[in-house]
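There are 2 protein chains.
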Amino acid sequence: MAIKTRFTEEFGFDHPIVQGGMQWVGYAEMVAPVANAGALGFLTALTQPTPEDLAREIARTKEMTDKPFGVNLTILPAIKPPPYAEYRQAIIEGGIGIVETAGYKPQEHVDDFRKHGIKVIHKCTAVRHALSAERMGVDAISIDGFECAGHPGEDDIPGLILIPAAASKVKIPMIASGGFGDARGLVAALALGADGINMGTRFCVTQEAPIHENFKRQMVENDERATKLIFRTLHNTARVMKNEVSSEVVEIEAQGGAKFEDIQHLVAGVRGRKAMEEGDPDGGIWSAGQVQGLIDDIPTVKELIDRIVVEAEEIIGARLDRMVV
Amino acid sequence: MAIKTRFTEEFGFDHPIVQGGMQWVGYAEMVAPVANAGALGFLTALTQPTPEDLAREIARTKEMTDKPFGVNLTILPAIKPPPYAEYRQAIIEGGIGIVETAGYKPQEHVDDFRKHGIKVIHKCTAVRHALSAERMGVDAISIDGFECAGHPGEDDIPGLILIPAAASKVKIPMIASGGFGDARGLVAALALGADGINMGTRFCVTQEAPIHENFKRQMVENDERATKLIFRTLHNTARVMKNEVSSEVVEIEAQGGAKFEDIQHLVAGVRGRKAMEEGDPDGGIWSAGQVQGLIDDIPTVKELIDRIVVEAEEIIGARLDRMVV
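So the protein sequences, as listed, match chains L and D.
When we follow our numbering, the leftmost residue of the first sequence carries the number 3, and every step to the right adds one.
When we follow our numbering, the leftmost residue of the second sequence carries the number 3, and every step to the right adds one.
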């Protein structure tokens, strides 16, 4: 048995489950097992220091799986931007069939990818942005709710509202993102009008995720309340794991609107990288979604995906069907 | 056809749909059509000036419906509290079978209601509070997510996370509240582990809701972004309609932590009541949930409930069932 939707049919995957781009996580070690399990995984382009490194990472992933996978390209406004056109070229030359775009005005990239027959899924956090991406010509939308790890935008609209609001207007397939980690969420997303789910935090808490075991254990231990929204005052909100550092950032921001310079030392640089390598959950700022509260174990990627599909079939075929009398 | 759950079976209603207590809305005019349509409506005790008025409102509702309905009793800490015991007595003597409690330490009331054979549904906004209410001996939980109108609590956990997190731990029937307005939401709630949904804002936008037509039209017009969270700085957060007054309150709070005295004149008193009677959406503070973004019409209560049930059956029987192959 399987769950089939417009997304699985049009994109050619076994399961309507996506592992979207995640900075410092979207390596071959994460993406290959997702692909092998029949779902759609994305390498994260900008996690690779150079376009050449991305080309090598694509090749490395292909050695680990025969199944298709994608690459995420996130466009951020920057004074000195990364060489986006060269990353894009590495993706095209790498023979990638699906790209996840996110961020600021991706039109030029979308056009070029589509010219090369590459499907584009654009990730965004608001209905108006989804409609704008649809007009831009992308093949699917990944819509990210308030619950998500990383950047939920500034509107604070959770999936329960955002997904049906978008589904009423968007015509192309839509992946629901933010707050998803189990079969209950998958079926809810499908009921709300989505064609599949994206999971971030949940994929981080798998055997294969290339992050320190201590972070995985911390996310299992954390409940749904153990996140913080930082950078609200900078209008660049990020949902991160609640710990000493993120709590300090929130405190500084509450005292009257922080400038990035005031908190930069807390969130980046040597201290953060060292803590990440040493596996110190209290040593830096780490993205984590509210779905932590629904995570109780550290399965393999294949165990996780198979379990979600089997349990989703049970929820539809047993629980919901029996309610209709 | 119908949707049957533990809630409809144990509480004896046709549909797993609840119209919970709403201040200044939960009158006989709102509750009777909900009861007549086979769902569970609640009068709001404290909307009645005195316990005697509540007794009369119960009697008046009984003249408008032969079906069962409930009364909401919300317990708020106050220096000079309303005569809760007398309101409780009016409920018991009125022959009410179901009470919705909310707020602060309802144990004494729960005990007395249950002693009189009255079922109690306790409304709360956090898993730990749901578990505490279960231990207190209530018959069901109504769990209210971040999306909701009125008081979402201070944890900011949306239904997509809150419902399954609670469902994993709570053993008694559970109603999902906050962000619900259509069949997609009902099926999502059932998939996430709830046994029914509560709707507030959606019931306000019906023909029968005893509020000025201008408010109904404004909520149809508003999208999901047209709410504001006020009283954050007082740790008594309320989600209200975005307008000039609520935006001003948020602005005052952002300027360094408002005291209630600073904003009281904006949110209550003669100005608010006059605006309510005159139907001026910009004239005061009005509860409204994010589900505004999913509301496009002003049906009768019966049309609304019938439509949700029929469409929920279609989502389960057509959309979801066909996805399982």
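From the three backbone atoms N, C-alpha and C, an ideal C-beta is built for every residue, glycine too.
So, helix, strand or coil for residue i, using DSSP?
i: L/E102; result: strand
i: L/L48; result: helix
i: L/M24; result: coil
i: L/T7; result: coil
i: L/H131; result: helix
i: L/T229; result: strand
i: D/A30; result: helix
i: D/I165; result: helix
i: D/I19; result: strand
i: D/A240; result: strand
i: L/S248; result: helix
i: L/V326; result: strand
i: L/G152; result: strand
i: D/G43; result: strand
Verify the CB distance criterion: does residue i have a CB-CB separation below 9 Å to chain D?
i: L/S134; result: no
i: L/R227; result: yes
i: L/S170; result: yes
i: L/Q220; result: no
i: L/A4; result: yes
i: L/A190; result: yes
i: L/G22; result: no
i: L/R204; result: no
i: L/V129; result: yes
i: L/R186; result: yes
i: L/G152; result: no
i: L/G258; result: yes
Does any CB atom of chain L fall closer than 9 Å to the CB of residue i?
i: D/M66; result: no
i: D/F182; result: yes
i: D/A167; result: yes
i: D/L45; result: no
Could you tell me the boundaries of the beta strand (DSSP E) in which residue i lies?
i: L/D146; result: 142-146
i: D/C126; result: 121-126
i: L/M176; result: 176-179
i: L/L75; result: 72-77
List, in chain order, every chain D residue whose beta-carbon is nearer than 8 Å to that of residue i.
i: L/T7; result: M325
i: L/I2; result: Any property of residue 2 of chain L remains undetermined from this structure, which presents chain L solely from 3 to 327.
Note down, in chain order, every chain D residue with its Cβ under 7 Å from the Cβ of residue i.
i: L/F148; result: P160
i: L/D157; result: R227
Got a sec, what are the start and stop residues for the alpha helix (DSSP H) residue i sits in?
i: L/A92; result: 86-95
i: L/A196; result: Careful: L/A196 lies outside any alpha helix (DSSP H) and carries neither H nor E.
i: L/A61; result: 53-66
i: D/L306; result: 303-316
i: L/N216; result: 215-223
i: L/A182; result: One point to set straight first is that residue 182 of chain L is Phe, not Ala, in the sequence displayed. Element bounds for L/F182: n/a, residue is neither H nor E.
i: L/D114; result: 109-117
i: D/T203; result: 203-206
Who are the neighbours of residue i on chain L, taking C-beta pairs under 7 Å?
i: D/V293; result: I163
Against residue i, what residues of chain L qualify as contacts under a CB-to-CB distance less than 8 Å, listed in chain order?
i: D/L322; result: V189, L192, A193, I318, L322
Whose Cβ in chain L lies nearer than 9 Å to the Cβ of residue i?
i: D/L296; result: I163, P166, A167, S170
Using beta carbons (cut-off 9 Å, strictly below), is residue i in contact with chain B?
i: D/V251; result: Of the protein chains in this structure, namely L and D, none is chain B.
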